[in-house]
Structure formats: structure tokens, C-alpha cells
Amino acid sequence: MTSQNLFAPLAVRSTAGAVLVAGALVLAGCAGGAPADPGATSQAATEAATPSASATPTPTPSAAYKPADASGPAQNVPVPVLPEVAKTETKEGAEAFTKYWYETLSYAYETGNSRKLENVSGPGCVFCKGLKDGIDEAWSEGRWISGGTIQTPAITATVESGAQAHAEVQVIQATIEIRRPDGSLLQEPTPATNTGSRAGLTFGPTGWVMTDLGLIR
Amino acid sequence: MKALGLKVLCVATLLLVFAPSAAQADVSIGYEDRGLSVGADQWVKDASTGKLVRAEPGTVPTDPNEYKYELQCHLGGGDFDTPCLARQMECKDREDGAKGIPVMWLSRPRGVAGAVWAHHSGPTCLYDPKPEDLLPRIAADIQKQFQNLPVNAGAVVAQPSPHTLRGAETNFYAEAAEQQFDITMFGQKVHVVATPVQYTWNYGDGTVFGPQPSMGGPLPQDRWGEKTRTSHAYASTGDFQVVLTTSFQGTYSVNSGPPLPIPGQGQFSAPPQAISVWRSLTRNYADDCNANPQGQGCPGAATGR
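In order, the protein sequences belong to chains A and B.
The numbers in the first sequence follow the working numbering, run straight up by one, and end at 217.
The numbers in the second sequence follow the working numbering, run straight up by one, and end at 1305.
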């Protein structure tokens, strides 16, 4: 990624110099932010960094995210956004939607706000409702959850006509602590888990909905 | 007498209802825990088609994850993470001089395409000059070791016993429990936990029931003769040897590492339990034994089976 962006502006100036400079930059990247040779390289680096920075839209400056701990709940948790592709009735759409669904679940664990999760969960999804109820209970009486964030490193969807769309998902959840208003633990922390799930999906008038969530055993 | 018995039963039931609410139950909050507690659908990967199918009800649960370990601080190839090495776990050399090597355990769900390995637990110590292939060596041998462990299949209890009646429901149940063993394999301390999961009854008259997941349970004496999930009615009289075979599922943990599933189940049989099946005869007695001491039911009458 870095080397591809760097070559374009440099090649215009001088081919010989570009190769040398780019080589130095690549090396600096490998060292993981170790101080590189200053001089010619630093100028090239700033110039090269500009186009890649403008390519990714930076969100409006907001207060920094702070995970929950014993002193209080998480702050400024990034709000999940449904990507455009997730609105299509395709394999890619189903996969992007599944990823989004787990982001709303992770968001609910971290904030106690399960509205977005409910919006994309079908009324008959027993597991979805169970998760929401558990989060509501944990967050009641002034308590908060520390940890519990979810990652989905592997999602494979199958979207075929004549059968319900579904996705195989790897769900990794961090250790969960429930804190009382005084910061003490409500119960023993729930250990981290690494679970396989099958997500049954339905594409309706509002787009994808999680209708049938199960566990792969 | 019967009324008194009912009263006692009611008190016991009330106590049972009160007991759980006294202690505050934990909030089942984790993703997986919650799914299991609300009865989320369970799916298994069909070995031949590779497709997900609903798990049959009554399927014996197995660990859905697989495990491996990596040397602690190892980045791959010959590279190690130097800052990590500085705070690496110290594995004391064992009394026999074997060198300890710290490892980190990873796990991932089986049956999910493209699943990645994630940290599970550790570090723990392994004692082997070639820790890289130690686990496969243990895994290849563990099932044989498991089947050879002195696992107690459990006790067989029959109600009534040792005598029962032809045509009557005789209630059989097993008393089997989880058992733990410590063995040594390839120089490692291996801790094995065996859990009873399925039971097969051979009633000795040619009837075999199981394997099935119920170990049955005791009946109060005033209900003997009722049909239960594990009861059996003998069609003929005689002496029978009842054999219980219990299937155990096992996990093994290497030097305090995570409990790893032992593939397959171990079958263990309990010693045979003898039961005598008698027939009952109903007769009406009208004789005066003083006048006719040989009359039916009188002390001088001939008795038979």
C-alpha cells in the first residue's frame, strides 16, 4: 500500500532518484517507525503522504474513543455505518451486512444502546433477542459493560435463489466485565470466546435482516 | 401413610423452588453462553457435503473448537519478538533435567470457512526437545490411552432387586460420574477428564437399549413398577446378567494447557448385575389351616416358584 502510493509522484521527477528514495522509505516502513535517514527522504514522504490522506475521507474531528474500565463506560464509541454494498441482494451484500450486524452488536455491548441492533434483527430471531435482553440486563441499575467487543474475521455468505441466504461467521468476543456504579464487578468476568455462527438472512423491503441466528457446534 | 408421604414430597418441592432464588444468578452475557441459554439453533458441518445442517436433537455435544500452540514470542521462521522475549514466561527445568519451553495456545471454531487462529490461553510450559510436533504425537496416542484408563463405568441399580416379577416394569438406572486422571505421555503431565455421555443397557434377555443419553434415575418405592425411560419388563422368569456400558467423552490438558477434546468416545462396561425374575400367582385362600394344615396358603402347604 505505502510503496504503491509513493511511486506515482516520485517517478515524475527523476527515475534514478525515485528508486533510491522509495527504497529508503520502504525500509523505514519495515522498521516500524524507526527514525529514518533525514534529508531528501523526509520531504518526499510528506509529499507522498498527501494524496493518500485525501483519498480516505477523515471523519469530522471528535473526542477520542476511550474504552470502558473500572472508572466508567466507554466514551465516543464509533457508531457503525451500513455500507452501500450491504444494501444489495448479493453475496458481497450479505457479507457486508453480516459484518455490520455484528458491529451493531459490539456497539450495543459497549454502549448499552441496542436500537441499531434491533433495527436489523428480525422479530422471530430468538438468539438476537436473547443477546439484546442480556445486554439490557447487564446495563440496568446504573451498571456498564467493560470489554465484550466483537470481531468477525471470517464471513462467507451463500446467496442462492430457492434457499434462505446465510453466512458462516467466526465471532471473536473479548472478555466481558459488568461493573456496578461503584466500579466493582457484578460477577466473575466472562472469558473471551471464539465461536462459529450461522446467520440466516432475509432480504426484504428495508434490505437485509438477520432472521435466524444459530451456533455452529 | 400415603397422605403423609405426599406431604413430605410437597415440602421438598417447595425447598427446591426456593433454593435457586436465594443466590443471585449470574447474568449470562457472553455471545456463546447466551446462544446456548436461549436455545439458539445448533448447526453442524456435514462431513461429506461440507454444508451446514441442523444438529439432530439429543446429539452429544462436543467442543466446537480446535486448538494449537506456538512458541511464546515466536514471529515465524527464525524470528522472535525481542521485547516479548524479555518478559517471556520462565519455565523451570524439570527434576529430570528436561528443558521447559513456554507456548501460547490458540483456538478457532471448526466448521467455519476461513476461520483465523486467535489467542486462547497461556503461556504454559512444554517439556520436549521438539515441542513443535509434540501435540500431534500426543493426539495420535491419546485415544488409546483414554480407552485403557481405569474409568469406572458406574454402578447399576435395579428397582426392585435382586428379585423382580415377570411382566412388571423393573426400573434400572446408572450411577456414573465424571472422573479425572493424571498420566504421563512423551514426558508431559497430561490431565484427563472423562465425562459420561451415553448409556447402553444389555438386560441379559437379548434386549439391548441404547446407546442413549439418559442414565435414568431412582423411583420412590411406592412407584416401583411404573414404566420409565430406562425400565425393562422381562417376558420370562430366570436369572439374568444385566450389563451397563457407559460411553465417556474425554478432554486432555498438557501441562496445565487448555482442555483439548479427545476424538471419539471411550466405552467402559460395569460388572454384570444379577437379577432374578419370578412369576407371581394369585390365589384365594378360604381354608381353615387348623382344620386343613395342607390347604393353600397354610404353613404346611407345598410352595413353589
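Glycine is no exception: its CB is placed at the ideal position from the N, C-alpha and C atoms.
Since the model is a prediction, treat every value here as computed from it, not as a measurement.
Residue i - partner residues in DSSP beta bridges
i       : result
B:R1108 : B:E1066
B:Y1252 : B:V1192 and B:L1260
B:P1102 : B:C1125
B:K1045 : B:L1052
B:D1239 : B:S1276
B:H1074 : B:F1080
A:S106  : For A:S106, which the question treats as bridged, DSSP gives no partner whatsoever.
B:E1169 : B:A1233
B:H1119 : B:L1106
A:S66   : Rather than Ser, the amino acid found at residue 66 of chain A in this sequence is Lys. BP columns for A:K66 point to A:Q75.
A:V120  : A:V120 is not bridged to any residue.
A:G112  : In the DSSP output, where bridge partners are listed per residue, A:G112 has none listed.
B:Q995  : As displayed, chain B neither begins before 1001 nor continues past 1305, which places residue 995 of chain B out of reach and without an answer.
A:L213  : A:A199
B:T1164 : B:V1277
B:V1027 : DSSP, once it has assigned bridges, lists no residue as partnering B:V1027.
A:V126  : A:V126 is not bridged to any residue.
B:V1151 : DSSP output for B:V1151 lists no bridge partner at all.
B:V1156 : B:A1174
Assumed close pair residue i, residue j - CB separation to whole angstroms, cut-off 8 Å
i       : j       : result
A:A167  : A:A199  : 5 Å
B:R1110 : B:P1064 : 6 Å
B:D1046 : B:R1054 : That belief does not hold up - the Cβ atoms of B:D1046 and B:R1054 are roughly 10 Å apart, past 8 Å.
B:W1043 : B:R1166 : Not confirmed; about 47 Å, so no contact.
B:Q1307 : B:Q1180 : Residue 1307 of chain B lies beyond the stretch modelled for chain B, which goes from 1001 to 1305, so this question has no answer here.
A:A157  : A:T175  : Incorrect: roughly 29 Å between the Cβ atoms, too far for contact.
B:A1158 : B:A1176 : About 15 Å; that fails the 8 Å criterion.
A:K66   : A:N76   : 7 Å
A:V171  : A:S197  : 5 Å
B:R1229 : B:G1216 : 6 Å
B:W1224 : B:P1160 : 6 Å
Residue-chain proximity (residue i, chain B), Cβ-Cβ < 8 Å
i      : result
A:T98  : no
A:V120 : no
A:D69  : no
A:E137 : yes
A:R217 : yes
A:N194 : yes
A:G124 : no
A:L82  : no
A:A199 : no
A:Q75  : no
A:G112 : no
A:M210 : no
A:L131 : yes
A:L213 : yes
A:G134 : yes
Cutoff 8 Å: residue i Cβ touching any chain A Cβ
i       : result
B:G1005 : Only weak support is given to the placement of B:G1005: the predicted model assigns it a pLDDT of 37, under 50, and the value that follows is read from those uncertain coordinates. Chain A, which has no Cβ nearer than 8 Å to the Cβ of B:G1005, makes this no.
B:F1080 : no
B:V1116 : yes
B:G1030 : yes
B:G1077 : no
B:G1111 : yes
B:V1156 : no
B:D1096 : no
B:L1134 : no
B:L1085 : no
B:V1060 : no
B:V1027 : yes
B:P1064 : yes
B:S1052 : For the record, residue 1052 of chain B in the displayed sequence is Leu; it is not Ser. Chain A, which has a Cβ nearer than 8 Å to the Cβ of B:L1052, makes this yes.
B:A1055 : yes
B:S1306 : There is simply no residue 1306 of chain B to check, as chain B begins at 1001 and stops at 1305 in what is shown.
B:S1107 : yes
Distance cut-off 7 Å: residue i Cβ against heavy atoms of the ligand FAD
i      : result
A:N113 : As far as ligands go, the structure on display features none, and thus does not contain the ligand FAD.
Problem set entry | Residues in the region 1032-1044 of chain B having any Cβ partner in chain A nearer than 9 Å | E1032, D1033, R1034, G1035, L1036, S1037, V1038, G1039, A1040, D1041, Q1042, W1043 and V1044
Problem set entry | Minimum length 3: unbroken beta strand (DSSP E) runs contained in the region 130-209 of chain A | 144-147, 150-158, 165-173, 176-179 and 193-204
For this session: Could you please tell me which residues of the region 176-190 of chain A, in chain order, have their CB closer than 9 Å to any CB of chain B?
Result: I176, I178, L186, Q187, E188 and T190
Exercise. Along the region 141-168 of chain A, what residues have a CB closer than 8 Å to any CB found in chain B?
Worked result: Correct list: I145, G148, I150, P153, A154, T156, H166 and E168.
Problem set entry | Against chain A: residues of the region 1236-1257 of chain B by CB proximity under 9 Å | none
For this session: Quick one: which unbroken beta strand (DSSP E) runs of 3-plus residues sit fully inside the region 1175-1237 of chain B? Chain order, please.
Result: 1179-1185, 1188-1202 and 1208-1212
Exercise. Going along the chain, which residues of the region 1197-1230 of chain B sit with their C-beta nearer than 7 Å to a C-beta in chain A?
Worked result: none
Problem set entry | Cβ-based contacts, 8 Å cut-off: residues of the region 1159-1178 of chain B near chain C | Included in the structure are the protein chains A and B, with no chain C among them.
For this session: Output, in sequence order along the chain, the residues in the region 1275-1298 of chain B whose CB is closer than 9 Å to any CB in chain A.
Result: Legend: CB atoms of the region 1275-1298 of chain B lying less than 9 Å from CB atoms of chain A are not found in any residue.
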